[in-house]
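If you're matching them up, the sequences are chains V and R in order. Quick note: the first sequence uses the numbering used here, first residue 1, plus one each step. Quick note: the second sequence uses the numbering used here, first residue 211, plus one each step. The next block holds one structure in the form of structure tokens; read it before the comments.
There are 2 protein chains.
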Amino acid sequence: MSTSKPRRSPKPQERQRDPDRTRKLILDAAAAEFAAHGFAGTRTGAIAARAGVNQQLIWYYFDGKEGLYQAISERWRQRESELVTSDTPLPEQIRRYALEALNNPDGVRLLAWGGLEYTGPEDDPDQAPRAERLQRFIDQVRAQQEAGRLPAEMDPACLTIMLVAAAMATTSLPHVIEGVCRVDPRAPEFVHHYAEQLAVLARLLGLDPP
Amino acid sequence: MSTSKPRRSPKPQERQRDPDRTRKLILDAAAAEFAAHGFAGTRTGAIAARAGVNQQLIWYYFDGKEGLYQAISERWRQRESELVTSDTPLPEQIRRYALEALNNPDGVRLLAWGGLEYTGPEDDPDQAPRAERLQRFIDQVRAQQEAGRLPAEMDPACLTIMLVAAAMATTSLPHVIEGVCRVDPRAPEFVHHYAEQLAVLARLLGLDPP
DNA sequence: CACTGTGTCAAGTAGATGCTTGATTAGTAG
DNA sequence: CTACTAATCAAGCATCTACTTGACACAGTG
């Protein structure tokens, strides 16, 4: 603690009262904690400690644990929507999705937790953006199918679901990977290899552009 | 409270002292609760209530929440090992795995929770059985590959992981399925359809026997 | 019958957890 | 400077939760 009160410091340099910064600190810490332990396993005290702020600020800004979780979900939804540009070839899109395990592991884990904590259509408000984005992917799959590159018996929507699930495997099934491959499932080398293999699979299925 | 003490009921009819039965009641209830809420989200009180026994018996028989979880995992590991007979064609094996979402939803969810709660090789003791079982699957994939039915650039282990992850999608990504397909992801009709599609995928990849 | 060990239960405990209250400070407008 | 609001914090509270304690009931044994 400084001996004198730093009144009107010409530059706000390291200002201690900064709502925006505090909000972001809490959000970042919460994303990490929720991603690591899920909703039930996360302690608000741990979030506050990680953010380096007083625990009470979680209520001040987000109206409690539940509200904070909502805020996190909202934020991840936004980030998710920036993910894919639909003019990219399908195998490449899938490859990038698998690489999200490295670029944004918290987001992927949040999505995985969400699946297990999911109870029904009502509790997950406004998942329209993701659905819409995936719909575009499905449309592209269907286009390839109609071009005769993918057999007609394959349901494009189901195939898309399968690919998404497969792309998340390094996050959702690390214990299986570890047991089978004897590799660290989160090691960048493996994730890259896996993502590449996923692209190979997509190409085998005839999902690359003409 | 009954007015008289019912001494020496001639038939043990509905015997209240039955260790084996009690153990099983607790195990079943615990499987359901852990599957529904994960380890952190499960309350021992809820398990006892569901089992219809006193909460304390969880300690008497399983030495607490952690021990009970271990017991559950052990039990699921056994059941899992009875799952596949390796002389079945690969597409059929995968199809059956996907159908486990109907036959043993708790087990599949337990596996999914395990992935997210997984921290490293040390905390998941003895996953050898599963690894071994999957290894046999991988070997079969490799056999097809060497027979020239699957391109050489595809890594059999990675492909297997992808298929397992995909097979679990109705359990691990219900929110995505719901959003995209507008169907109840746990409805038997959909699970059957999805499992069938998975078999189609496997066949497209050349995984069926000669 | 008394004695013993196992299974069952009700009540209680220490600590954690989410949340509230009330006060304190920094920044700003009059 | 004064007054006021927004942001921050420390301490407290009610409740929950995993776990403990101690007592009771039943069955088998001598």
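A virtual CB, placed ideally from N, CA and C, is assigned to each residue, including glycine.
Note that the C-beta distance between C158(V) and Y404(R) is below 8 angstroms. Interface residue (Cβ-Cβ distance to chain R less than 8 angstroms): Q135(V) is classified as such.
Near chain R, meaning a CB-to-CB distance below 8 angstroms, no residue of the region 21-34 of chain V qualifies. Non-local C-beta neighbours of A147(V) in its own chain, meaning closer than 8 angstroms and more than five positions away in sequence, comprise P210, ordered along the chain. Among the residues of the region 166-179 of chain V, those with a Cβ less than 9 angstroms away from any Cβ of chain R are A166, A167, M168, A169, T170, T171, S172, L173, P174, H175, V176, I177, E178, G179, in the order of the chain. Counting only Cβ-Cβ distances below 8 angstroms, E153(V) has contacts in chain R at V410, in chain order. Under the DSSP assignment, D20(V) falls in the alpha helix (DSSP H) whose first and last residues are 19-41. In this structure, the beta-carbon distance from V351(R) to L360(R) falls below 8 angstroms.
For the alpha helix (DSSP H) assignment, the uninterrupted runs of no fewer than 4 residues enclosed by the region 121-163 of chain V are, from N- to C-terminal side, 128-146. The beta carbon of G358(R) does not come within 8 angstroms of any beta carbon belonging to chain V, so the residue lies off that interface.
Boundaries for R186(V): no alpha helix (DSSP H) harbours it, and the DSSP string shows neither H nor E there. Against chain R, the beta carbon of Q144(V) has no neighbour under 7 angstroms; the closest one sits roughly 13 angstroms away. For the set E342(R), A250(R), G274(R), R227(R), the Cα lying nearest the Cα of L237(R) is the one of G274(R). R109, L111, A112, W113, G114, G115, L116, E117: these are the residues of the region 96-117 of chain V whose beta carbon lies less than 9 angstroms from some beta carbon of chain R, given in chain order.
It is roughly 22 angstroms from the alpha-carbon of R305(R) to the alpha-carbon of L116(V).
Here E302(R) is not near A375(R), since their CB atoms are 8 angstroms or more apart. When Cβ pairs closer than 8 angstroms are counted between the two stretches, the region 103-112 of chain V is seen to touch the region 22-38 of chain V, the count reaching three or more. Counting only the Cα atoms, V393(R) lies some 10 angstroms from E399(R). Y118(V) has its alpha-carbon roughly 26 angstroms from the corresponding atom of A281(R). Here E80(V) carries a helix assignment [DSSP, helix/strand/coil].
Secondary structure at Y118(V): coil, using DSSP grouped into helix, strand and coil. The C-beta distance from A377(R) to Y307(R) rounds to 4 angstroms, short enough to fall under 8 angstroms. Contacts between L417(R) and chain V, judged by CB atoms closer than 8 angstroms, are missing: the closest CB pair is about 11 angstroms apart. Contact between L293(R) and L417(R) is absent: CB atoms are separated by about 18 angstroms, not below the 8 angstroms threshold. Annotation for Y69(V): F34, F39 place their beta carbon closer than 7 angstroms to its own, counting only its chain and skipping 5 residues before and after. Interface annotation, A261(R): not in contact with chain V, CB-CB separation never under 8 angstroms. Taking C-beta separations shorter than 8 angstroms and ignoring five residues to either side along the sequence, the partners of R130(V) in its chain run R77, E80, S81, following chain order. Under the Cβ distance rule, P331(R) counts among the residues neighbouring chain V, one pair being separated by less than 8 angstroms.
Closer than 9 angstroms at the C-beta level to chain V, one finds no residue of the region 269-286 of chain R. Cα atoms of G114(V) and T252(R): separation of roughly 16 angstroms, rounded to the nearest angstrom. At least one CB atom of chain V sits nearer than 8 angstroms to the CB of L414(R). N313(R): member of the alpha helix (DSSP H) spanning 300-313, first to last residue. DSSP places S172(V) inside the alpha helix (DSSP H), whose first and last residues are 169-172. The beta carbon of Q78(V) does not come within 8 angstroms of any beta carbon belonging to chain R, so the residue lies off that interface.
Take I47(V), set aside five residues on each side of it, and the residues of its chain with a beta-carbon closer than 6 angstroms to its own are A29, A30, E33, in chain order.
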